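Residues are numbered in my numbering as their position in the sequence shown, beginning at 1, plus a constant of 125. Glycine included, C-beta positions come from ideal geometry on N, C-alpha and C. Bear in mind that the values here come from a model prediction, so they are computed numbers and not experimental data. Structure first, commentary second.
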Amino acid sequence: MLEGRRIVLGVAGGIAAYKAVEVCRRLVDGGAHVVPVLTRGARRFVGETTFSALASERARTSLFDDPDPIPHTRLGQSADLVLVAPATARVIGTYAAGISNDLLTATLLATEAPVVVCPAMHAEMWRHPAVQDNIATLRRRGVHVVEPEEGRLAGGDVGQGRLAEPATIVAAVESVLARGRDMAGLHVLVTAGGTREPIDPVRFIGNRSSGKQGHALAAEAAARGAKVTLVTTAALPVPPGADVVRVETAAEMDEAVRAVAPAADVIVMAAAVADFRPAAAATTKIKKDKGVPEIVLEPTVDILAGLGRTKRPDQTLVGFAAETEQLRQNAASKLVAKGADLIVANDVTAPGAGFEHDTNHVVILNADGTEREVPLADKRAVARAVFDAVLDGRS
Ligand code: CTP
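Quick look at the structure:
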C-alpha cells in the first residue's frame, strides 16, 4: 500500500516530535517515499539530521533552504498524501483558517492530496472549543484526524492529548491511501436538505434537515474521484468538485433528479423530502384578519420509490430512513418498499445524531440482509462508510 507513494511528513513543535521519527522510519520501511517538513518549533525538539538520515529526502524547514528557492506549492502538489504528526494547536488553527506562514502550512494549502492530521497537545488545549471547532472544520473539509490518546503528557500531566502510537498513525495512512480515488469513473447523484413546500409567498412547510449529511456525501464522493451532481435545498458551501443544482420543493427535486438519474451509477437520496404539500399555494400572503386558514394537503411524489421502479441493474440506489422508533424494522420495510439497494437508517432522536448536528449515528442496511453500524461519527466519516458499502456491493 505504501510502496512508491510520496508522503510529505509534516512535523510540528511538540514533545511528541520524537515519535515522528518512528513514524518516518515505518513509512520508509513500508516502501513510501517520505519528504519530511519540520516547523521551526519541531527543530527545538528533534534535529533535521535525524529525519534526513531516515527519510527518502533531506528534511525541509523553509521555502528558502536552497540557493534556488523551491516554489511553495511544489511539495503539496507532488504528494500522494500529507501527514502531520504531531500537529500542534497552532498548525491546526493556521491550516483551518487558511493561513500560510511557513513551509508546512503552505504545503497543506497547496495540496489536493488526502491529508492526515495527528494532533498532540495538552488535554486542556485539546478540549478548548477553539481547537475543537478547528478540528471540526478540518474534518468537514475531508481531512482525516487521528485522535490523540489518553496518557501521560509533558510536564507530568495526564489526559487526552498524547500523539497516537506510530503503528496507529501508519495504519491510518495506509487506509486513506487504500481508499484513494476508488470512485473514479462513477457518476454519483446525491440529494440533500429538506424540501420547502409553499403555503403562500412567505410561508412554507419544511423540516429540520440541514443538508449537512448530503453535502458531506457529495464532498466524499468527489474526493474519491467520482463525478458528482448534488441536488440540494441547503444554502451550504458547494463541495469542491461537485456540480450543484439548487431546488426548493419536492417537485423541483424530482425533476432535477430525473434529469440526471439515467446517467448516474450511484444515487443517494439523503434529502428529507416532504411527504405532503399544500394542495394549492396562495398567490398572496394569507392575512390574519381573514381567520384561521384551513390548509389542505396532498401527497408529493416519492422520488426514491420512482427511482426504485426504473432502476437499472448496474445502478446502486441508496435511501435514508429518518426514524424516531423501531429503527431497523422501519428502515428494512422502506428498503423493500422503495426498491433500494441500501438504506442508511438513523435514529434522529439519538444524542448527537440526525438533523442539524455535525455528527450522526447510523446503521446501513443492505438488501442482501447484511448490515453495518457506524457509531457516532462526524458526517464525513458516515459518508465514507456509506460509499465503502456502495463499493462493496458493486465489486
Ligand atoms: N423520499 C423520497 N420522496 C419522498 C419521501 C421520501 O424520495 N416524497 C426518500 C428520502 O429521500 C429517503 C427515503 O425516501 O431516502 C425515506 O424517507 P423517509 O422520510 O424516512 O420515509 P418516508 O417514505 O417519507 O416514510 P415516513 O415519513 O412515513 O417514515
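query, result
"Assigned exposure category for residue 365 - 16 Cβ within 10 Å defines buried", "exposed"
"Candidates 326, 386, 165: closest to residue 352 by CA position", "386"
"Status (buried if at least 16 other CB within 10 Å, exposed otherwise) for residue 224", "exposed"
"Sequence ranges, alpha helix (DSSP H) only - wholly within the segment 273-316, length at least 4", "291-304"
"Close Cβ partners of residue 175 (< 7 angstroms) along its chain, the five nearest in sequence each way excluded", "146"
"CB contact flag (residue 301, residue 232, <8 angstroms)", "no"
"Distance cut-off 7 angstroms: residue 446 Cβ against heavy atoms of the ligand CTP", "yes"
"Residue 146 beta carbon near the ligand CTP (any heavy atom closer than 7 angstroms)", "no"
"Cβ separation of residue 162 and residue 228, assumed to be a contact under 8 angstroms, to the nearest whole Å", "5 angstroms"
"Minimum length 3: unbroken beta strand (DSSP E) runs contained in the segment 407-477", "422-424, 441-448, 467-472"
"Any non-hydrogen atom of the ligand CTP closer than 7 angstroms to residue 436 Cβ", "no"
"Buried or exposed by the 16-neighbour rule on C-beta atoms within 10 Å, applied to residue 277", "exposed"
"Selection from 250, 273, 242, 275 that minimises the alpha carbon distance to residue 262", "242"
"Coarse secondary structure for residue 166, derived from DSSP in three states", "coil"
"The ligand CTP heavy atom lying under 7 angstroms from the CB of residue 375", "yes"
"Residue environment, residue 422, which counts as buried when at least 16 other CB atoms sit within 10 Å", "exposed"
"Residues that DSSP places opposite residue 482 in a beta bridge", "In the DSSP output, where bridge partners are listed per residue, residue 482 has none listed."
"With 16 other Cβ atoms within 10 Å as the buried cut-off, status of residue 485", "buried"
"Residue range of the unbroken alpha helix (DSSP H) whose run includes residue 498", "Note, residue 498: premise wrong, no alpha helix (DSSP H); beta strand (DSSP E) at 496-503."
"Simplified DSSP state of residue 175, which is helix, strand or coil", "helix"
"Supposed contact pair residue 244 and residue 212 - C-beta distance, whole angstroms, cut 8 angstroms", "5 angstroms"
"Status (buried if at least 16 other CB within 10 Å, exposed otherwise) for residue 272", "exposed"
"Inter-stretch contact at 8 angstroms, needing at least 3 Cβ pairs: the segment 498-518 / the segment 330-342", "yes"
"Chain D within 8 angstroms of residue 277, Cβ atoms only", "Annotation note: the requested chain D is absent from the structure, which comprises a single protein chain."
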